[in-house]
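Protein chains in written order, with this note's numbering: chain U, 1 to 303; chain X, 1 to 303. Where a beta carbon is used, it is the ideal one built from N, C-alpha and C, also for glycine. These figures come from a predicted structure and were not determined experimentally. Read the structure below first, then the notes.
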């Protein structure tokens with residue numbers, strides 16, 4: 001047991017997976033949960049998600065040794081303001097947001113000085129959302145990035161790291177700005193591109209939706225899976241990681257234009273060289289043990 | 001048995017998967033094979049790929065009832081010219097190219113009038129290539145698009161369709177230009193985008209390759225898998241489906257710019273609406289039975 005009581009605020013894919021992983025690992029004495037929607041709370045009670053589902057965020061946070069904000073990035077600040085008065089002295093407050101600088105800016109000012117704020121971000125997800133979508137294995141062998149603030153109590157940071165390791169994740173510390181840039185490259189820009197491509201396919205009236213669907217084969221469906229991710233979560237990610245995302249998208253369109261030009265001018269050497277280089281990058285990923293032939297983005301739900 | 005003798009010209013992922021699928025289904029009396037590279041022919045002999053591996057394309061095609069060109073799109077014409085003199089009267093010539101209009105333009109003029117030319121394109125693949133990468137299940141429940149020419153013998157078309165169905169595929173007929181547009185949307189543009197995104201990540205020196213690799217999590221790796229596809233095959237696809245690919249990429253950058261602008265101006269409603277629409281498209285794909293939660297782009301090799 002790493003924490004006596006853990007409060008999960010927001011009960012979507014990440015929080016529900018955390019609950020099952022906490023139970024699997026025996027990491028907490030009691031897990032309380034709260035979701036803004038009465039329907040979500042009812043589902044949580046029905047499926048046994050959380051030891052106790054509370055009707056207010058404040059009630060869920062009372063006496064909690066760890067409070068994890070699992071709400072969209074855009075409402076983290078408001079939720080922090082709401083729970084601040086009831087936080088137990090010495091408690092740790094963390095979050096699971098995909099963006100760190102803006103979350104810290106929004107949350108930190110509301111927290112009393114006698115709690116430890118240790119932002120974090122587990123790099124795991126599926127295209128499903130809501131309280132029924134979680135499973136205990138979601139974080140297994142995935143990274144959880146921990147973003148300690150200057151002056152944060154080291155014991156609190158290490159306790160949170162141990163907690164994520166208990167849920168199956170590898171942990172690593174990173175500063176907020178670097179986190180936001182790394183994620184813009186590896187995740188945020190990619191999601192926007194997938195959304196765009198699926199939108200384009202749908203707009204193109206000469207190719208019907210049913211053709212896109214039927215003939216999307218082993219290819220286009222990867223994009224549609226990404227583009228099915230939670231709209232509110234992703235809207236908030238882009239609005240709150242604006243600078244890094246726009247920088248990456250700027251570079252992306254620049255390179256895409258160079259490849260389009262090579263296609264237009266028939267420059268096969270340019271294309272072949274580029275594709276050979278990207279293939280080598282993939283090989284590096286396989287060799288680094290970060291992937292296998294069995295993709296696990298849509299990992300089979302077991303929990 | 002659907003054909004007495006089948007010749008596979010080129011022994012990469014598609015041809016090797018065809019061979020195992022032909023054997024599984026008992027679809028041919030004998031399968032001959034040829035690859036330009038002596039190393040590939042040696043591997044084929046070592047692993048029992050093809051009943052008989054020949055040292056020339058002409059030898060492989062002699063007495064064949066069906067010849068399938070499984071070479072990159074850019075060399076289809078040259079291979080057709082080479083084998084044309086030895087084709088058996090009444091034989092069917094087909095291909096598996098990802099582009100149809102340019103393949104037809106390159107191949108058709110070389111073929112004698114007494115053979116049936118029935119272009120085809122199985123919508124299946126993985127990021128692996130070469131003679132060892134094939135497996136019998138590759139085409140199971142995938143579409144194979146058949147692109148008959150005006151005046152093609154119907155019996156020849158239907159025999160080829162039955163052959164692909166025997167390998168596990170569903171078949172559908174389509175005209176060449178429409179095929180090329182549908183594929184530009186569902187496959188070609190998507191591949192170029194994945195290549196670009198992986199290239200951008202690699203270029204960005206402030207985020208190291210090892211960080212991209214380590215933290216690519218459930219997300220970026222889908223792109224790297226796509227971007228690892230065979231460089232020669234894809235160079236030829238883009239050079240030979242130039243018009244449709246450039247049209248789709250033009251629309252794509254237009255929409256991407258609109259989303260970038262929404263991020264820059266903080267227009268959350270635009271983003272949320274767009275993401276909600278793309279999520280609905282994904283749901284349509286699931287309901288149409290064209291995907292499950294278990295992605296099979298990197299389907300486990302069984303053959």
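Per DSSP, which residues does residue 32(U) bridge with? Please list them.
7(U) and 52(U)
Given residue 101(U) as reference, the closest of 53(U), 177(U), 85(U) and 19(U) once Cα atoms are compared
177(U)
Report yes if the CB atom of residue 66(X) is closer than 7 Å to the CB atom of residue 115(X), and no otherwise.
no
Interface residues of chain U around residue 197(X) at Cβ under 8 Å?
189, 190, 193 and 252
Rounded to the nearest angstrom, what separates residue 391(X) and residue 158(X) at their Cα positions?
This structure cannot settle anything about residue 391(X), because the visible part of chain X is limited to 1 through 303.
Going by beta-carbon coordinates alone, are residue 162(X) and residue 142(X) separated by less than 7 Å?
no
I'd like to check one pair, residue 93(U) with residue 10(U): are the Cβ atoms closer than 7 Å?
no
Could you list the residues in the region 267-278 of chain U with a C-beta less than 7 Å from some C-beta on chain X, going in chain order?
268, 271, 272, 274, 275, 276, 277 and 278
Contained alpha helix (DSSP H) runs [length at least 4] in the region 142-227 of chain X, N- to C-terminal order
154-166, 176-183, 189-203, 209-214 and 217-226
Just checking: is the beta-carbon of residue 80(X) within a distance shorter than 7 Å of some beta-carbon in chain U?
no
Tell me where the alpha helix (DSSP H) around residue 258(X) begins and ends.
242-265
Would you say residue 244(U) lies against chain X (beta-carbon separation less than 7 Å)?
no
Using 8 Å as the cut-off, can you tell me whether the region 49-67 of chain U makes contact with the region 23-38 of chain U, which would need three or more C-beta pairs spanning the two stretches below that distance?
They touch, by the three-pair rule.
Given that a residue counts as buried once 16 or more other Cβ atoms are within 10 Å of its Cβ, and exposed if not, what is residue 41(U)?
buried
Can a CB atom of chain X be found closer than 7 Å to the CB of residue 185(U)?
Yes, because at least one Cβ of chain X sits closer than 7 Å to the Cβ of residue 185(U).
Check whether chain C comes within 7 Å of residue 260(X), counting only Cβ atoms and requiring the distance to be less than that.
As a matter of chain content, chain C is missing from the structure shown, whose protein chains are U and X.
For a contact defined as C-beta to C-beta under 7 Å, what are the partners of residue 315(U) on chain X?
What the structure shows of chain U is the stretch from 1 to 303, and residue 315(U) is not part of that stretch, so it cannot be assessed.
Residue 21(U), enclosing beta strand (DSSP E) - first and last residue
Not the beta strand (DSSP E): residue 21(U) falls in the alpha helix (DSSP H), residues 13-25.
Relative to the alpha-carbon of residue 166(X), which residue among 12(X), 19(X) and 13(X) has its alpha-carbon at the smallest distance?
19(X)
Report the three-state DSSP secondary structure of residue 137(U) (helix, strand or coil).
coil
Given residue 244(U) as reference, the closest of 180(U), 226(U), 175(U) and 174(U) once Cα atoms are compared:
180(U)
Tell me the residue span of the alpha helix (DSSP H) that contains residue 38(X).
38-47
Which of the three DSSP states, helix, strand or coil, is assigned to residue 128(U)?
coil
Proximity test, Cβ basis, 7 Å: residue 36(X) and chain U
no
Is it buried or exposed for residue 260(U), if we count other Cβ within 10 angstroms and need 16 for buried?
buried
Using a Cβ-Cβ distance cut-off of 7 Å, determine whether residue 238(U) contacts chain X.
yes
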